[in-house]
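Each remark here refers to the structure printed beneath this line.
Numbering (UniProt numbering), first residue to last: 1 to 67.
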């Protein structure tokens with residue numbers, strides 16, 4: 001649980017918009033992002049924050065761009 005909280009905090013700190021609607025799951029070194037985003041820049045920020053966390057070996061992007 002500690003890793004998940006750490007990733008959530010990292011995403012909230014680095015994302016251009018509030019990341020409360022982005023769900024983060026962590027299994028080993030794999031971070032999966034899901035939820036609805038408003039822009040490509042929000043996707044880049046969330047993925048960048050996930051990759052910046054120590055121990056991450058893979059980021060799976062299941063984010064959906066809102067119409």
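For every residue, glycine included, the Cβ atom is placed at its ideal position computed from N, Cα and C.
Helix, strand or coil at residue i [DSSP, three-state]
| i | result |
| --- | --- |
| residue 55 | coil |
| residue 35 | strand |
Cut-off 7 Å between Cβ atoms - residues of its own chain near residue i, not counting five sequence neighbours on either side
| i | result |
| --- | --- |
| residue 51 | 59 |
Close beta carbons around residue i, own chain, < 8 Å, minus the five adjacent residues each side
| i | result |
| --- | --- |
| residue 43 | 37, 61, 63 and 65 |
Of the listed residues the options, nearest to residue i (C-alpha basis)
| i | options | result |
| --- | --- | --- |
| residue 57 | 29, 34 and 47 | 29 |
| residue 67 | 49, 21 and 39 | 39 |
Cβ shell of residue i (< 6 Å), same chain only, five flanking positions each side left out
| i | result |
| --- | --- |
| residue 55 | 29 |
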